[in-house]
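There are 2 protein chains.
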Amino acid sequence: MGLTLENFLPYRMSRLSEALSAEIRPVYKDAFGLNRPEWRVLAALADLGPSTATALGNHSAQHKTKVSRAVRALELRRWIRREAVVADRRSEIISMTDTGQRAYCDLVAPMREREARILDRIAPADRAALERALLALEAATGVAAG
Amino acid sequence: MGLTLENFLPYRMSRLSEALSAEIRPVYKDAFGLNRPEWRVLAALADLGPSTATALGNHSAQHKTKVSRAVRALELRRWIRREAVVADRRSEIISMTDTGQRAYCDLVAPMREREARILDRIAPADRAALERALLALEAATGVAAG
DNA sequence: ACGATTTGGTTGCATATGTGACTATTGATT
DNA sequence: AATCAATAGTCACATATGCAACCAAATCGT
Chain S
1 MGLTLENFLP
11 YRMSRLSEAL
21 SAEIRPVYKD
31 AFGLNRPEWR
41 VLAALADLGP
51 STATALGNHS
61 AQHKTKVSRA
71 VRALELRRWI
81 RREAVVADRR
91 SEIISMTDTG
101 QRAYCDLVAP
111 MREREARILD
121 RIAPADRAAL
131 ERALLALEAA
141 TGVAAG
Chain E
1001 MGLTLENFLP
1011 YRMSRLSEAL
1021 SAEIRPVYKD
1031 AFGLNRPEWR
1041 VLAALADLGP
1051 STATALGNHS
1061 AQHKTKVSRA
1071 VRALELRRWI
1081 RREAVVADRR
1091 SEIISMTDTG
1101 QRAYCDLVAP
1111 MREREARILD
1121 RIAPADRAAL
1131 ERALLALEAA
1141 TGVAAG
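The listed protein sequences correspond, in order, to chains S and E. Per this note's numbering, residue 1 is the first one in the first sequence, and the count goes up by one each step. Per this note's numbering, residue 1001 is the first one in the second sequence, and the count goes up by one each step.
Now the structure itself:
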């Protein structure tokens, strides 16, 4: 009759997500003083190249207020810069500064390393199952890439 | 050189977890006025039967401050009750009231239904991969059940 | 038996987040 | 061109969360 939290998919995913997040957080937070929205905006910017805040939000799955605050913080830090768009004066193009580029590069290596550290604890066959499961869930929840 | 957010495991898990959470949140939040910690404490209590706050926190993967606040809220609502423990006067045994029991039962059905709605969008073979992946990740991150 | 340590739980405070309202601008309709 | 709707982004406010300090009771070491 009960639900058994342990077997409830949303709970399991949330707990795992939390565990993974805890594994990588020290890198961007303790070592670089970023919070998660800031880290994500930076990563999105690296993925996309110069883009608008809206595009960064879509790519990093974050609400526009989170993006807005993250952009301001990164701008104050001089890791990113904005420039007006002549065609549309509502939006601004955001791009990384050289300092930001360097910081991002320094950030990526340990991030990858943490991810690898987790994946290394999983047998290859299970890793394949994981990739398959992720794709299936992404399709099922409609978060599919853009 | 970049990281490609789309392929970064912690990001993918976080985004999926968020999507699943959004799918079930309306049930406990809009329909019952609970927040997530409260819902989890209730579910943990149903799983474990009368328990201490610490046990509920362990079972629901929540920090003790979250549990403390959730317990107070549920108590004010008269869905749970506390009783002193003679053997150890620091802790209290928390248990569901009849009202809480009924509410929990009303909650479980739609929760299951939402979960099923998601799983139904996944092919059986992919569901098997999902279960395998979850077990592997749970082992790899040490969140294994208690 | 007594001080030091640990454990169960709560509280205060700083920070993070979600929501809705708001400004400015653009695009669509007529 | 005048209006209406949609879009980009910011802001203010209420709520949620994490962290450290804290209290009280139990346990440990001597």
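For each residue, glycine too, the CB sits at the ideal point set by N, CA and C.
- Just measuring C-alpha positions, the residue of S:Ala61, S:Val27 and S:Ala123 sitting nearest Ser1017 of chain E is S:Ala61.
- Annotation: the continuous alpha helix (DSSP H) that includes Glu115 of chain S extends over Asp98 to Leu119.
- The contact set of Asp126 of chain S on chain E, defined by CB atoms closer than 7 Å, consists of Arg1132, Ala1133 and Ala1136 in chain order.
- Within the model, the alpha-carbon separation for Ser1051 of chain E versus Val1041 of chain E is close to 11 Å.
- Bounds of the beta strand (DSSP E) holding Arg81 of chain S are Ile80 to Ala84.
- Chain S places a beta carbon closer than 8 Å to that of Val1108 of chain E, counting this residue as a contact.
- Straight-line measurement puts the Cα of Leu9 of chain S at about 16 Å from the Cα of Ala1125 of chain E.
- With a threshold of 16 other beta carbon atoms within 10 Å, Arg1072 of chain E falls short and is exposed.
- With contacts defined by Cβ atoms closer than 8 Å, Leu1130 of chain E and Ala46 of chain S do not form a contacting pair.
- According to the DSSP assignment, His1059 of chain E belongs to the alpha helix (DSSP H) that extends over Ala1053 to Ser1060.
- Proximity of Gly2 of chain S to chain E, defined by a Cβ-Cβ separation below 8 Å, is satisfied.
- A check of alpha carbon separations from Arg1102 of chain E across E:Thr1141, E:Phe1032 and E:Ala1022 identifies E:Phe1032 as the nearest.
- For Leu76 of chain S, none of the residues of chain E pass the 8 Å Cβ criterion, the least Cβ distance being about 23 Å.
- In the three-state DSSP reduction, Ser1014 of chain E falls in the helix class (H, G or I).
- For the pair of segments examined, the stretch 1117-1124 of chain E was found to touch the stretch 135-145 of chain S: the number of CB pairs separated by less than 8 Å reaches three.
- Ranking E:Arg1078, E:Ile1094 and E:Lys1066 by CA distance to the CA of Arg1036 of chain E puts E:Lys1066 first.
- Glu92 of chain S is bridged by DSSP to S:Ala84.
- If you look at Pro50 of chain S, you'll find it isn't in any alpha helix (DSSP H); DSSP assigns it neither H nor E.
- For Phe1032 of chain E, no Cβ of chain S is located within less than 8 Å of the residue's own Cβ.
- At least one CB atom of chain E sits nearer than 8 Å to the CB of Ser60 of chain S.
- Around the Cβ of Ala1044 of chain E, a 10 Å sphere holds 16 or more other Cβ atoms; the residue is buried.
- In terms of CA proximity to Glu92 of chain S, S:Ala84 leads the group S:Glu75, S:Ala84 and S:Leu76.
- Around Ala87 of chain S, the same chain offers no residue with a beta carbon nearer than 8 Å, after the five sequence neighbours per side are excluded.
- In this structure, Leu3 of chain S sits near Arg1112 of chain E, with a CB-CB distance shorter than 8 Å.
- Here the C-alpha atom of Ile94 of chain S lies approximately 31 Å from the C-alpha atom of Ala19 of chain S.
- Secondary structure note for Thr1141 of chain E: its alpha helix (DSSP H) is the uninterrupted segment Pro1124 to Thr1141.
- Assignment of Ala1046 of chain E by DSSP, reduced to helix, strand and coil, places it in the helix class.
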